[in-house]
Amino acid sequence: MKSNTVLTRMNMCRKWFGALWLLIEMNIASANIFGFAALFKVLPQYGIFDEYCHYFDGMNSTERDCSRQTHQYENAMTLGIIFFNVPSMFFGMIIDRFGCRFMKLVFHIVGWLSLALLKPGHDLLLFAHTFFTALSGIIVLITSYASSNYFSKSSTILLTLLVGSGSSSSIWYSIFQVIVDHNLLTLSQLSYIWMSLGALLFLSSFLFLDWKISILNLPYKFNDGSNQIPSTSKNIISKVIDTPCDTKWYTKIYQRIGLWQHLTNPLYVLNVLYLGFLMMPTILLSIIWYPWVYFLNGNDKAQADKYTFALNMSAVSQIVLCPIIGLLLAFGTHR
Numbered sequence: 005m006k007s008n009t010v011l012t013r014m015n016m017c018r019k020w021f022g023a024l025w026l027l028i029e030m031n032i033a034s035a036n037i038f039g040f041a042a043l044f045k046v047l048p049q050y051g052i053f054d055e056y057c058h059y060f061d062g063m064n065s066t067e068r069d070c071s072r073q074t075h076q077y078e079n080a081m082t083l084g085i086i087f088f089n090v091p092s093m094f095f096g097m098i099i100d101r102f103g104c105r106f107m108k109l110v111f112h113i114v115g116w117l118s119l120a121l122l123k124p125g126h127d128l129l130l131f132a133h134t135f136f137t138a139l140s141g142i143i144v145l146i147t148s149y150a151s152s153n154y155f156s157k158s159s160t161i162l163l164t165l166l167v168g169s170g171s172s173s174s175i176w177y178s179i180f181q182v183i184v185d186h187n188l189l190t191l192s193q194l195s196y197i198w199m200s201l202g203a204l205l206f207l208s209s210f211l212f213l214d215w216k217i218s219i220l221n222l223p224y225k226f227n228d229g230s231n232q233i234p235s236t237s238k239n240i241i242s243k244v245i246d247t248p249c250d251t252k253w254y255t256k257i258y259q260r261i262g263l264w265q266h267l268t269n270p271l272y273v274l275n276v277l278y279l280g281f282l283m284m285p286t287i288l289l290s291i292i293w294y295p296w297v298y299f300l301n302g303n304d305k306a307q308a309d310k311y312t313f314a315l316n317m318s319a320v321s322q323i324v325l326c327p328i329i330g331l332l333l334a335f336g337t338h339r
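Yeah, the sequence shown ends on 339 if you go by our numbering, and it's all consecutive.
In structure tokens, the structure reads:
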């Protein structure tokens, strides 16, 4: 009996340590691509796509027009965001064949190695970086979200913490920008450091996630409490069954019958609004923000870089906002 109690405590400590580990992993290796615009200030210093710049027309003009160069950076960022949100069926089959753990580690290493080796003449490695980093990030996101199923009462809060940690991961490119601007490290050195953090992904795969091989499985399992149908849900189901098929659609709405019982649930509405306000600035603004502020400031690149830095750093607030929503959702679920 005593040994079982000790084992239970050890498993609980391992679960929470794993949750903390995955929070860190989410922050450093998931949605980094959304802050990629911060490198628009750094990449020209290394002559990336420099051939797209040209001098303005004039006898003694010393200023260059690099708008086409910036468009290449924007294209690389857009490519990464597309594959972060909508992975193609082909890559989905590869991931399903070789497993998430193997693929996220390979994509992470290849993505950051591409940025480390980036130099004039090898400009297309920038597209390889955004492509593979985005694929690695979405796999890290999916596998980390699954860890919330190991908890019962704290699953909602943990899930929102993971969401906040992932959303705030866009700050790292802005931190890279500050480090490079102050000549502390080069972009290549930072890329090698970030590539080495793949060790975290490797260790978490063995320590905190289940495998198909039984010997590598965790000593604790998913919480099955959610599989039990509560009495309120049974009442809803019986209400739907007893409802005549010829009931008008507008009657179902105001009587909250069937699907409308869930669609008009305040908890559901809160969750949808929360996800909408969370994802819109993260995904939409990350694409349109830089060209938008660049245009509004009269094509002033310095001002556009400052506003982009401010946008990326504002993502830190998600670490606080997401748990607050998690507490509200947990409170609503408990009620």
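Where a beta carbon is used, it is the ideal one built from N, C-alpha and C, also for glycine.
Of the residues assessed, residue 303 falls on the exposed side of the cut-off, its CB having fewer than 16 other CB atoms within 10 angstroms. At least 8 Å separates the beta-carbon of residue 145 from that of residue 290. DSSP places residue 58 in the strand class (E or B) of the three-state scheme.
By the criterion of a C-beta distance shorter than 7 Å, residue 183 is surrounded in its chain by 189, 194, once the five residues flanking it on both sides are discounted.
Counting only runs of 4 or more residues that sit fully inside the stretch 22-90, the alpha helix (DSSP H) segments are 71-89, in chain order.
DSSP, reduced to helix, strand and coil, places residue 111 within a helical segment of the structure shown.
Taking one beta carbon from each stretch, the stretch 131-146 and the stretch 102-117 have 3 or more pairs nearer than 8 Å; the two touch.
The beta carbon of residue 172 lies closer than 7 Å to those of 31, 319, 320, 322, 323 in the same chain, with the five residues before and after it left out.
Per DSSP, the continuous alpha helix (DSSP H) segment holding residue 312 begins and ends at 305-318.
Shown here for residue 159: same chain residues with a beta carbon closer than 6 Å to its own, the five before and five after excluded, namely 152 in chain order.
Burial state of residue 316 is buried, judged by a 10 Å Cβ sphere holding 16 or more other Cβ atoms.
A distance below 6 Å between beta-carbons, with the five flanking residues on each side excluded, links residue 326 to the following residues of its chain, in chain order: 164, 167, 168.
Taking C-alpha positions only, residue 178 is separated from residue 314 by approximately 9 Å. Annotation: residue 155 is outside any alpha helix (DSSP H) and is labelled neither H nor E by DSSP. Cβ-Cβ distances below 6 Å link residue 307 to 301 in the same chain, with the five nearest sequence neighbours on each side left out; the list follows chain order. It is roughly 14 Å from the alpha-carbon of residue 128 to the alpha-carbon of residue 50. The straight-line gap separating the alpha-carbon atoms of residue 211 and residue 298 is approximately 46 Å.
Closest in C-alpha terms to residue 67, from the list 331, 201, 310, 305, comes 305. Nearest to residue 58 by alpha-carbon distance, out of 136, 74, 46, is 74. Pairing residue 84 with residue 111 gives a Cβ-Cβ distance that is not under 8 Å. Here DSSP, grouped into helix, strand and coil, assigns residue 185 to helix. Taking the Cα of residue 108 as reference, the smallest distance to any Cα among 295, 309, 294, 203 is reached at 203. Between residue 78 and the set 17, 294, 329, 310, the nearest pair of CA atoms involves 294.
In this structure, residue 122 sits near residue 130, with a CB-CB distance shorter than 8 Å. In the DSSP assignment, residue 137 falls within the alpha helix (DSSP H) that extends over 129-149. Out of 332, 310, 170, the CA that lies nearest to the CA of residue 25 is found in 170. For residue 208, the enclosing alpha helix (DSSP H) stretches over residues 202-211.
The beta-carbon separation of residue 155 and residue 19, rounded to 7 Å, stays under the 8 Å limit for a contact. Here residue 168 carries a helix assignment [DSSP, helix/strand/coil].
Only residues of its own chain outside the window of five on either side were considered, and among them 109 have a CB closer than 7 Å to the CB of residue 206, listed in chain order. Scanning its chain for C-beta atoms nearer than 6 Å, with the 5 sequence neighbours on each side dropped, one finds around residue 209 the residues 105, in chain order. The DSSP-derived three-state label of residue 190 is coil.
When 199, 81, 87 are compared, the shortest CA-CA separation from residue 292 is found for 81.
By the neighbour-count definition (other C-beta atoms within 10 Å, threshold 16), residue 9 is an exposed residue.
Between residue 180 and residue 46, the gap from beta carbon to beta carbon is short of 8 Å.
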